[in-house]
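Numbered by this note's numbering, the letters in the sequence shown go through residues 249 to 679 in order. Even glycine gets a Cβ: it sits at the ideal position worked out from N, Cα and C. To start, the structure itself, in structure tokens.
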Amino acid sequence: MSFFDYRDGVLCAEDVALPMIADAVGTPVHVYSAGALRHAADAFTSALRDLPSARFAFAIKANPNGAVLRLLAQRGYGADIVSGGELRRALDAGIAPADVVFSGVGKTDRELIDALEAGIGQFNLELEEEGGVLAQLARRRGKRAPAVLRVNPDVDGGTHAKITTGWRTSKFGVDIAGAPDMYDRLAKLDGLDLQGIALHIGSQISDLEPLETAYRRIGALVLELRARGHTITRVDLGGGLGITYRPEDVMPSLADYASMVARVTHDWNVSLTFEPGRIITGLAGVLLTRVIWVKPSQHRPFVIVDAAMNDLARPALYDAYHRFAAVRPDGRTMVADIAGPVCETGDIFGVDRAIDQVDRGDLAVFHATGAYGAAMASIYNSRPISPQVMVDEDRFELVGDRTMFSDLSMRPQRKSRTVDPALSGAVRQAA
Ligand SMILES: *Cc1c(COP(=O)(O)O)cnc(C)c1O
Numbered sequence: 249m250s251f252f253d254y255r256d257g258v259l260c261a262e263d264v265a266l267p268m269i270a271d272a273v274g275t276p277v278h279v280y281s282a283g284a285l286r287h288a289a290d291a292f293t294s295a296l297r298d299l300p301s302a303r304f305a306f307a308i309k310a311n312p313n314g315a316v317l318r319l320l321a322q323r324g325y326g327a328d329i330v331s332g333g334e335l336r337r338a339l340d341a342g343i344a345p346a347d348v349v350f351s352g353v354g355k356t357d358r359e360l361i362d363a364l365e366a367g368i369g370q371f372n373l374e375l376e377e378e379g380g381v382l383a384q385l386a387r388r389r390g391k392r393a394p395a396v397l398r399v400n401p402d403v404d405g406g407t408h409a410k411i412t413t414g415w416r417t418s419k420f421g422v423d424i425a426g427a428p429d430m431y432d433r434l435a436k437l438d439g440l441d442l443q444g445i446a447l448h449i450g451s452q453i454s455d456l457e458p459l460e461t462a463y464r465r466i467g468a469l470v471l472e473l474r475a476r477g478h479t480i481t482r483v484d485l486g487g488g489l490g491i492t493y494r495p496e497d498v499m500p501s502l503a504d505y506a507s508m509v510a511r512v513t514h515d516w517n518v519s520l521t522f523e524p525g526r527i528i529t530g531l532a533g534v535l536l537t538r539v540i541w542v543k544p545s546q547h548r549p550f551v552i553v554d555a556a557m558n559d560l561a562r563p564a565l566y567d568a569y570h571r572f573a574a575v576r577p578d579g580r581t582m583v584a585d586i587a588g589p590v591c592e593t594g595d596i597f598g599v600d601r602a603i604d605q606v607d608r609g610d611l612a613v614f615h616a617t618g619a620y621g622a623a624m625a626s627i628y629n630s631r632p633i634s635p636q637v638m639v640d641e642d643r644f645e646l647v648g649d650r651t652m653f654s655d656l657s658m659r660p661q662r663k664s665r666t667v668d669p670a671l672s673g674a675v676r677q678a679a
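And the structure:
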């Protein structure tokens with residue numbers, strides 16, 4: 249089912265022709281389809297519905313837009329957060345604190361305190377010392393922090409090196425071999441309510457085999473921990489399922505993923521948590537852009553668009569592929585390199601691509617930009633953060649403003665400026 253399709257030769261998001269959005273808010277602009285979001289959100293939960301007490305925590309880092317989060321919250325999603333800023337976004341979107349899971353290898357004391365005081369449902373511990381600090385912070389507040397231990401199962405997710413996280417050399421989680429003894433020590437801490445295990449082996453995973461291997465290792469660990477007398481009630485299986493960026497990409501189906509999970513976990517007797525990100529929002533967004541120039545070169549032409557690596561960093565970061573298509577294709581094609589205006593050779597969206605013929609002033613899109621698109625925006629080259637629009641049938645709404653350089657506190661700093669500690673990012677000592 250596609251929510252971005254041509255009607256009378258014009259690319260539409262649901263029932264809205266994309267040129268209308270370009271006229272209303274300018275380009276570049278991230279455009280989301282509410283229908284596509286609902287479809288992907290429901291497909292994921294219904295595939296896994298038969299598992300006992302499954303819980304779904306959307307990985308906010310994939311798309312932190314408030315309208316996206318509210319839509320997902322209405323469909324039963326909690327949140328997987330990795331910072332205090334994401335905690336604020338989750339709560340602002342109406343997600344119950346109990347449905348928030350806090351992952352991340354460098355949570356500051358300030359962030360741990362804020363999450364404790366908000367009463368979040370689960371802390372995913374990434375090292376033993378973090379458990380000690382969290383226990384102490386919780387005890388001082390008369391609380392016990394609900395927690396699981398994130399384990400590194402030493403499995404290569406088979407994905408891009410920069411987004412694989414479950415290999416032994418990764419910074420995430422604790423070594424699975426030492427996990428049982430560490431669990432024994434952490435379980436003794438008064439301020440912790442240690443309930444189980446978490447893992448997340450990487451992103452854009454295209455093969456179920458590494459996931460299955462990792463899950464089986466976790467299953468063996470659960471048995472070992474129970475043999476040591478621990479009560480294990482939760483396992484968090486992370487996220488990571490890939491989506492099709494190239495027409496020829498083949499991804500595991502949700503049905504196959506669900507039956508693998510059911511097969512591997514049937515006798516675990518725990519509540520499972522899933523942390524999907526990309527698979528929920530990735531295909532629900534496009535980046536709408538306008539061609540500034542078609543620049544001739546000896547080799548082949550450059551299509552220079554008004555979107556850049558600050559709007560969509562994945563190609564520059566991971567050599568990622570995003571399909572490029574004209575909004576009003578006329579049947580002609582060309583071979584070109586597609587580039588943005590930023591002064592970096594790496595600001596390239598595609599090399600030697602066979603694409604729709606475009607000319608100066610034409611509108612075009614990059615497909616599948618709903619995850620890790622706007623989420624990774626920067627103001628490099630003093631470019632604004634691009635606006636975001638949500639389409640729902642024949643209506644559309646601005647859900648993220650174009651933010652100019654001057655709005656982002658880039659003024660010269662005055663000497664006696666007070667800094668909001670929550671915004672400073674500073675590591676603060678425990679209160
Ligand atoms: C990024 C991340 C996710 C989501 O990954 P996707 O590939 O977008 O599904 C889930 N859990 C953790 C801990 C993450 O860091």
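- Bridge partners of Y628 according to DSSP: none are assigned.
- Note that the C-beta distance between L319 and I308 is not below 8 angstroms.
- In this structure, ligand 1 has no non-hydrogen atom nearer than 7 angstroms to the beta-carbon of A338.
- In this structure, the straight-line span from the alpha carbon of D642 to that of A261 is close to 9 angstroms.
- The nearest non-hydrogen atom of ligand 1 is 7 angstroms or more from the C-beta of I269.
- L447 and V399 do touch by the CB rule: their CB atoms are close to 5 angstroms apart, below 8 angstroms.
- A contact between stretches requires three or more CB pairs, one per stretch, nearer than 8 angstroms, and the stretch 490-502 meets this requirement with the stretch 566-579.
- The Cβ atoms of F306 and P589 do not sit closer than 8 angstroms to each other.
- In the three-state reduction of the DSSP assignment, M652 falls in the coil class.
- Burial state of Q636 is buried, judged by a 10 Å Cβ sphere holding 16 or more other Cβ atoms.
- The beta-carbon separation of Q452 and R526, rounded to 7 angstroms, stays under the 8 angstroms limit for a contact.
- With a contact defined as Cβ atoms closer than 8 angstroms, A302 and F522 qualify at about 7 angstroms.
- Ligand 1 approaches P524 closely enough that one of its heavy atoms is under 7 angstroms from the residue's Cβ.
- A distance below 8 angstroms separates the beta carbons of A435 and H478.
- Shortest gap from the CB of D328 to any heavy atom of ligand 1: under 7 angstroms.
- Per DSSP, S519 is one residue of the beta strand (DSSP E) stretching across S519 to F522.
- Nearest Cα to E374 within the set A475, M430, T407 and R476: M430.
- Each residue's CA atom was taken as its position, placing V483 and G324 some 19 angstroms apart.
- DSSP, reduced to helix, strand and coil, places L299 outside both helices and strands of the structure shown, so it counts as coil.
- Look at A307: its beta carbon is less than 7 angstroms from one of the heavy atoms in ligand 1.
- Per DSSP, the unbroken alpha helix (DSSP H) holding I361 starts and ends at D357 to A366.
- For I453, no beta strand (DSSP E) run applies, since DSSP gives it neither H nor E.
- Within the DSSP bridge table, the entry for H448 names no partner.
- The beta-carbon separation of D402 and I424, rounded to 6 angstroms, stays under the 8 angstroms limit for a contact.
- Comparing alpha carbon positions, the residue from T417, G405 and L469 closest to L456 is G405.
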